[in-house]
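>
There are 2 protein chains.
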Amino acid sequence: MPAPMRFRDDIPSPALLLDLDRFESNVSRMTSHLRERGKAFRPHGKTHKCPEIAKRLVAAGAVGACTARLSEAEVFAGHGIRGLLITTAVVGGAKIDRAVDLAQVAPDTIFCVESERNVRDLSEAAARIPGLEVNLAVDLHFGRTGISPGAPALDLTRFITRQPRVRFVGLQSYDGAAAHTAPFDARRARTSGSMKQAVATRRLIEREGIACPLVSGGSTGTYRIDSEIDGVTEIQPGSFIFMDMEYGQIGGPDNTEYRDFDQALTVVATVISRRPGLAIVDAGYKAFATDRPFAPVPVDLPGAVYAWAGDEHGRIDISNVDRDVKVGDRIEFVPPHCDPTVNLYDQIHALRGNVIEAVWPIAARGKSQ
Amino acid sequence: MPAPMRFRDDIPSPALLLDLDRFESNVSRMTSHLRERGKAFRPHGKTHKCPEIAKRLVAAGAVGACTARLSEAEVFAGHGIRGLLITTAVVGGAKIDRAVDLAQVAPDTIFCVESERNVRDLSEAAARIPGLEVNLAVDLHFGRTGISPGAPALDLTRFITRQPRVRFVGLQSYDGAAAHTAPFDARRARTSGSMKQAVATRRLIEREGIACPLVSGGSTGTYRIDSEIDGVTEIQPGSFIFMDMEYGQIGGPDNTEYRDFDQALTVVATVISRRPGLAIVDAGYKAFATDRPFAPVPVDLPGAVYAWAGDEHGRIDISNVDRDVKVGDRIEFVPPHCDPTVNLYDQIHALRGNVIEAVWPIAARGKSQ
Chain L
1 MPAPMRFRDD IPSPALLLDL DRFESNVSRM TSHLRERGKA FRPHGKTHKC
51 PEIAKRLVAA GAVGACTARL SEAEVFAGHG IRGLLITTAV VGGAKIDRAV
101 DLAQVAPDTI FCVESERNVR DLSEAAARIP GLEVNLAVDL HFGRTGISPG
151 APALDLTRFI TRQPRVRFVG LQSYDGAAAH TAPFDARRAR TSGSMKQAVA
201 TRRLIEREGI ACPLVSGGST GTYRIDSEID GVTEIQPGSF IFMDMEYGQI
251 GGPDNTEYRD FDQALTVVAT VISRRPGLAI VDAGYKAFAT DRPFAPVPVD
301 LPGAVYAWAG DEHGRIDISN VDRDVKVGDR IEFVPPHCDP TVNLYDQIHA
351 LRGNVIEAVW PIAARGKSQ
Chain U
1001 MPAPMRFRDD IPSPALLLDL DRFESNVSRM TSHLRERGKA FRPHGKTHKC
1051 PEIAKRLVAA GAVGACTARL SEAEVFAGHG IRGLLITTAV VGGAKIDRAV
1101 DLAQVAPDTI FCVESERNVR DLSEAAARIP GLEVNLAVDL HFGRTGISPG
1151 APALDLTRFI TRQPRVRFVG LQSYDGAAAH TAPFDARRAR TSGSMKQAVA
1201 TRRLIEREGI ACPLVSGGST GTYRIDSEID GVTEIQPGSF IFMDMEYGQI
1251 GGPDNTEYRD FDQALTVVAT VISRRPGLAI VDAGYKAFAT DRPFAPVPVD
1301 LPGAVYAWAG DEHGRIDISN VDRDVKVGDR IEFVPPHCDP TVNLYDQIHA
1351 LRGNVIEAVW PIAARGKSQ
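Chains as they are written, first to last, in this note's numbering: chain L, 1 to 369; chain U, 1001 to 1369.
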């Protein structure tokens, strides 16, 4: 029997580590910022997929949690989290039945829609419950999902109000490309343009006498800008709790570095082989998401450069590293992209300094359905 | 309650599908080929991480299963699979204790080593059991893990034979870069050179009077070539059971396509949004591994081109597709790289035609430790 894990170095690698001090500081900075500006905070759970984290965010003031998918929302609801907003349309008969089951357990869950067919399907399936709350997804230049803002959105809103068992609550207003637009001024221009379209659509709907209490959107990259816009009611950032290399590079105001949040998430690996100038670690494609064009960056090992070396291996060039690196040494890395990296692991090791304070299951890992 | 899943179209997307006829045909082709050439077959479990598949491979004639990691081997052993070979060194005190626990349950497990320190650690930790079987990992031009073949390997072999509780069984001889070398003639040259070095090392060791019953290596790309080499005793291919785009492109003999195995694995996605010329599906970075420089390829939808559109979305250009594509349509894809794609899912849906014959847990998913 292995000894119980108590300290950072007891955790079998590769593993996800969370620095709790930094995590809590990130949460507190975001919540203060939004509270001061009178915006609601519905952080995106697709980043962490971890009910324990969702609960901590609610305790810090979040009105609930966004999820990308129905199956994530089912997991969160099963752990008692309410105020769920599923940011992608739920499509197909079997999933729509599950959506109704979910609304029975968690009646304030908001479902995003973008077509008459989907609205009608939801309304028909909801016969056995009082009804479903729906948010209209508007396409803010991103060209991925959502209906065009303005007149098409108004037409679909009218359609929603005519269906018996769906209740229109507002607009899902996420411009995915704005989140990582750099530098800051370009990001400001992009997200302001997008969010103002969403707000204009809100006003158009309200002029018809239809209440539109919710305009939900924004991201870790744009929350500062979006939260200054009148008519945007809530912000749904995800990555700020962890941060990653991608968000580290987007830049802050006045061409500064982006320092709003601290890097709280790392992946720990172990050196399993050495050869001249190279240390081979036990972390490859199955330890880090590979969707970004940059490799993980070693922490506290200046000069070291990671390169992918297969599913289970990384090759670290240590020819410019000042100290000796031995087999058995543990090296931590900043992941290129946090969300899909977290999705590779079953748990997050929450550390206070070097002490393991908790091990949190990533209960919605793999729940992409 | 959703209806029980019976058919292909009942499976919530995104999901992994396995065509059982093709899978069985792939297994039968590989086992016949190796049986006829007198080579043992120890397929690599890192590909599937699925005990049900490992059992089927053993039933078809495999002597056991390779695993990349200790934690995978623990899962397989817990499901009754024996003849395990862990192809990466187990490093660090806590993991070495677990290795001994594993050998208590599955005494024929083979551990790969490449340093005196690791051999000594294993021998010392094995005090409470009869001993451990160790395979010496040799570095065949790949420059990742393993000791140099020839004299360094012989020296370490002698060291192993002097330790009380480890038993030398042979050579782990995997040249990772050979597997995907294209075209076939270049692959033949590369793997032949590598495997002949392994065999020469075997002969060197045997001339010292040390038995070296095992030379284990090879891959889906090189099994044909490696299995013709005298002195190579067993082949450890992984991907042939599933196949993927990467292996589909390596080419066969005489510059033909690589047709040794059929594409048995697909990912099914659903169209969740439509706009002119584009279908948006519910499968992105969390549904397909992204480590290869090519995107998933739609099956049975000629002209369609997939592009990544985030963690949970893909954007399919359908402007050259002849038929209508509607919201709710299901599209299957060949994954770029099977191993890390399988690692994203909790289960494999095994299909006989359109009927779900079984749902197999990917029990070692995420077990990269």
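We treat Cβ as the ideally placed atom computed from N, Cα and C, and that holds for glycine. Here the structure is a predicted model, which is why all the values come from computation and not from measurement.
So the candidates are CYS112(L), ALA65(L), THR191(L), LEU102(L); which of them puts its Cα closest to the Cα of THR87(L)?
Minimum Cα distance to THR87(L) is reached at CYS112(L).
> Going by alpha carbons, who is nearest to GLU1116(U) out of ILE1129(U), ILE1147(U), GLN1104(U)?
Nearest C-alpha to GLU1116(U): ILE1147(U).
> Going by Cα to Cα distance, which pick from ALA363(L), GLU133(L), LYS367(L) is closest to ILE53(L)?
It is ALA363(L).
> Count the other CB atoms within 10 Å of the CB of ASP324(L); is the residue buried (16 or more) or exposed (fewer)?
Result: exposed.
> In whole angstroms, what separates the C-alpha of VAL355(L) from that of ILE1280(U)?
If you take the alpha carbons of VAL355(L) and ILE1280(U), they lie about 44 angstroms apart.
> Please list, in chain order, the chain A residues whose beta carbon lies closer than 9 angstroms to that of ARG315(L).
Structure shown: chain A not included; protein chains present are L and U.
> With a threshold of 7 angstroms between beta carbons, is ILE1326(U) in contact with chain L?
Per the sequence shown, the amino acid found at residue 1326(U) is Lys instead of Ile. No - not a single Cβ of chain L is within 7 angstroms of the one on LYS1326(U).
> Mind the definition here: the stretch 250 to 265 of chain L touches the stretch 306 to 321 of chain L only if three or more C-beta pairs lie below 8 angstroms; say whether that holds.
Contact fails: fewer than three Cβ-Cβ distances are below 8 angstroms.
> Classify THR1109(U) as buried or exposed, calling it buried when 16 or more other Cβ atoms lie within 10 Å of its own Cβ.
Burial call: buried.
> Between VAL446(L) and ARG1365(U), what straight-line distance do the alpha-carbon atoms span, to the nearest angstrom?
Because chain L here runs from 1 to 369, residue 446(L) falls outside it and cannot be looked at.
> TRP1308(U) versus chain L: which residues are under 8 angstroms apart at the beta carbon?
ASP291, listed in chain order.
> If you follow the alpha helix (DSSP H) that TYR247(L) is part of, which residue opens it and which one closes it?
Start and end: 245 to 248.
> Taking the straight line between their C-alpha atoms, what separation do you get for MET1001(U) and GLU1312(U)?
Only weak support is given to the placement of MET1001(U): the predicted model assigns it a pLDDT of 48, under 50, and the value that follows is read from those uncertain coordinates. Approximately 25 angstroms, taken between the alpha carbons.
> Should GLU1234(U) and ARG1042(U) be called a contact, given that it needs their Cβ atoms to be closer than 7 angstroms?
Yes.
> For ALA1289(U), which residues from the same chain have a beta carbon less than 6 angstroms from its beta carbon, with the 5 sequence-adjacent residues on both sides left out?
HIS1337, PRO1340, THR1341.
> Mind checking which residues open and close the beta strand (DSSP E) that includes ASN26(L)?
First-last for ASN26(L): 20 to 36, but that is the alpha helix (DSSP H), not the beta strand (DSSP E).
> Kindly indicate the opening and closing residues of the beta strand (DSSP E) around LEU1301(U).
Segment: none, LEU1301(U) is in no beta strand (DSSP E) and carries neither H nor E.
> Excluding the 5 residues flanking ILE11(L) on each side, which residues of the same chain have their C-beta closer than 8 angstroms to its C-beta?
Excluding positions up to five away in sequence, the list reads MET5, LEU17, VAL268, HIS349, ILE356.
> Which same chain residues end up closer than 8 angstroms to ALA153(L) when comparing Cβ atoms and leaving out the 5 residues on each side of it in sequence?
Once the five neighbours on either side are set aside, the close Cβ partners of ALA153(L) are LEU136, VAL138, ILE147, LEU171, THR201, LEU204, ILE205.
> Helix, strand or coil: how does DSSP classify ASP339(L) here?
In this structure, ASP339(L) counts as helix in the three-state DSSP scheme.
> Answer with buried or exposed for PHE7(L), where buried requires no fewer than 16 other C-beta atoms within 10 angstroms of its C-beta.
It counts as exposed.
> Could you tell me which residues DSSP pairs with TYR1258(U) in its beta bridges?
DSSP output for TYR1258(U) lists no bridge partner at all.
> For GLN104(L), collect the residues of the same chain with a Cβ closer than 7 angstroms to its Cβ; drop the 5 residues on either side in sequence, then sort them by chain order.
Counting only Cβ-Cβ distances below 7 angstroms, and skipping sequence neighbours, we find ILE129.
> If the criterion is Cβ atoms closer than 7 angstroms, does the pair VAL100(L) and ALA126(L) meet it?
Yes, the Cβ-Cβ distance between VAL100(L) and ALA126(L) is below 7 angstroms.
> Sorted by chain position, which residues of the same chain lie with C-beta nearer than 7 angstroms to ARG188(L)'s C-beta, five sequence neighbours on each side aside?
Contacts found: ILE225.
> Pop quiz: SER1123(U) and ARG1056(U) are said to be a contact at Cβ under 8 angstroms. What is the actual Cβ separation, rounded to whole angstroms?
About 35 angstroms; that fails the 8 angstroms criterion.
> Kindly indicate the opening and closing residues of the beta strand (DSSP E) around ASN1135(U).
1132 to 1137 is the extent of the beta strand (DSSP E) around ASN1135(U).
> Report the three-state DSSP secondary structure of ASP329(L) (helix, strand or coil).
ASP329(L) falls in the coil class under three-state DSSP.
> At 3 residues or longer, what runs of the beta strand (DSSP E) sit wholly inside the stretch 124 to 173 of chain L?
The stretch 124 to 173 of chain L contains these whole beta strand (DSSP E) runs: 132 to 137, 166 to 173.
> Which of helix, strand or coil does DSSP assign to LEU1070(U)?
Residue state, collapsed to three classes: helix.
> VAL1091(U) and GLY92(L): beta carbons closer than 7 angstroms?
No.
> Of the residues TYR1247(U), ARG1274(U), GLY1251(U), ASN1255(U), which one's Cα is nearest the Cα of VAL1334(U)?
Measuring from the Cα of VAL1334(U), the nearest candidate turns out to be TYR1247(U).
> So, helix, strand or coil for ARG224(L), using DSSP?
In the structure shown, ARG224(L) sits in a helix (DSSP, three-state: H, G or I).
> Could you name the residues of the stretch 1326 to 1344 of chain U whose beta carbon sits closer than 7 angstroms to any beta carbon of chain L, in the order they occur along the chain?
For the stretch 1326 to 1344 of chain U, which is checked against every Cβ of chain L, the residues closer than 7 angstroms are VAL1327, GLY1328, ASP1339, PRO1340, ASN1343, LEU1344.
> Run down chain U in chain order and give the residues with a C-beta less than 9 angstroms from the C-beta of PRO14(L).
Correct list: SER1368, GLN1369.
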